[in-house]
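Read the structure below first, then the notes.
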Amino acid sequence: AAASYYGVQIEKQLHLKDRIACPTVMHFGGEDEHVPMEAVEQVREAFADADHVLINVYEGAPHGFANRFRDSYDKAAAGMAHSRTIALLRGTMGPAYDLDHLWDMHCYYEFATRDVDATMATMVAQPYVNHIPTMTGGVGYTELHRFYKNHFVNANPDDTALIPVSRTVGADRVVDEMIFEFTHDREIDWMLPGVAPTGKRVRIPLVAIINFRGPKLYHEHIYWDQASVLVQIGVLDAKDLPTAGMATAAKMLDETQPSNTLMERWAESAPAEAAE
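Counting from 1, position 126 in the sequence shown corresponds to residue 147 in this note's numbering; the numbering is continuous, with no gaps.
Here it is, written out as structure tokens:
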């Protein structure tokens, strides 16, 4: 297997393309001053029928985008290129890791046994966790251990539950879609910092994107609709706002629940016969 990053003048050597027999992935920056898009398109066209050659272009990325020591470093493009390279290499040479199970064990230590050290042991030496809506979490072992110990693992309500909806497992990443539910019977620092307990039941869709380095978790990006949480605990009035409460979780589990109920203009696009 082979991986190529922003290869220069490949388009001038395409008469040798049939010699490439191994699985190969090529990465090009969309704004590479040394490899114009005309050259990339020539390469793409030459390998159009070669299923073993993958060609990726990263919009806006310059030459050298994957080199963190250059001013041209593009973290997002470098990350995607890395994941695609890992997918090719692992699919060809291994090793194979059961990321599905590794993520399950991490959650088990977080929410079932509530063991901070065991949770951290599932992660790389310097991991990070980012709860996007509230910007809580931690970067590096020391900060993340402090966060888990004092503000997360031992701070969640006793009835906290994670209900799986879907899970996508890649070469170095898990995307987990779930319903997260709990009773707001204590201050929950990571989700509702500074908000006194209301005793209200909360049920929200939540998405976790987990990146691995080998068999260890490298980082977690966690997303949910904070407005829905605030509506459900009664500190935000949804009457005049385009947001909803528990209905969001119900619709995640049942797609036949009514759509567009928050759109006053929805009726305006109804077919004439339906409007009559």
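Glycine included, every Cβ here is placed at the ideal spot set by N, Cα and C.
Residues bridged to residue i [DSSP beta-bridge criterion]
i, result
"residue 245", "227"
"residue 197", "188 and 229"
"residue 26", "48"
"residue 157", "152"
"residue 203", "223"
"residue 105", "Its beta-bridge partners do not exist; DSSP assigns none."
"residue 234", "237"
"residue 183", "201"
Enclosing alpha helix (DSSP H) for residue i [first to last residue]
i, result
"residue 146", "From DSSP, residue 146 is part of no alpha helix (DSSP H) but of the beta strand (DSSP E) over 144-152."
"residue 165", "162-168"
"residue 283", "Looking at the DSSP string, residue 283 is not in any alpha helix (DSSP H), and its letter there is neither H nor E."
"residue 273", "268-274"
"residue 125", "120-128"
Whole-number beta carbon distance between residue j and residue i, since they are thought to touch under 8 Å
i, j, result
"residue 197", "residue 229", "5 Å"
"residue 192", "residue 108", "4 Å"
"residue 252", "residue 266", "4 Å"
"residue 26", "residue 87", "5 Å"
"residue 203", "residue 177", "7 Å"
"residue 268", "residue 200", "Rounded, the Cβ-Cβ distance is 13 Å, inconsistent with contact."
"residue 206", "residue 214", "At roughly 16 Å, the Cβ-Cβ gap does not stay under 8 Å, so residue 206 and residue 214 are not in contact."
"residue 166", "residue 141", "6 Å"
"residue 169", "residue 137", "5 Å"
"residue 63", "residue 35", "7 Å"
"residue 80", "residue 51", "4 Å"
"residue 106", "residue 24", "4 Å"
Closer than 7 Å to chain B by CB, residue i
i, result
"residue 203", "Structure shown: chain B not included; a single protein chain is present."
Unbroken beta strand (DSSP E) run spanning residue i, endpoints
i, result
"residue 64", "Taken as a continuous stretch (DSSP letters only), residue 64 belongs to no beta strand (DSSP E), being part of the alpha helix (DSSP H) at 58-67."
"residue 75", "74-79"
Open item on the list: Tell me whether the stretch 167-185 and the stretch 233-248 touch, counting them as touching only if at least three CB pairs, one residue from each stretch, are closer than 8 Å.
Closed with: Contact fails: fewer than three Cβ-Cβ distances are below 8 Å.
Open item on the list: Whether or not the stretch 129-149 and the stretch 160-177 are in contact is what I'm after, with contact meaning three or more pairs of Cβ atoms, one per stretch, closer than 8 Å; do they touch?
Closed with: A contact exists between the stretch 160-177 and the stretch 129-149.
Task: Touching by the beta-carbon criterion (3+ pairs, under 8 Å), the stretch 232-239 and the stretch 198-211 - done: In short, these stretches do not touch, since the Cβ pair count stays below three.
Open item on the list: Quick test of the definition: if touching needs 3 or more C-beta pairs under 8 Å, does the stretch 42-52 touch the stretch 67-83?
Closed with: Output reads yes: the stretch 67-83 touches the stretch 42-52.
Task: At least 3 beta-carbon pairs within less than 8 Å: the stretch 101-116 vs the stretch 128-143 - done: Segment contact: the stretch 101-116 against the stretch 128-143, fewer than three CB-CB distances shorter than 8 Å; contact not assigned.
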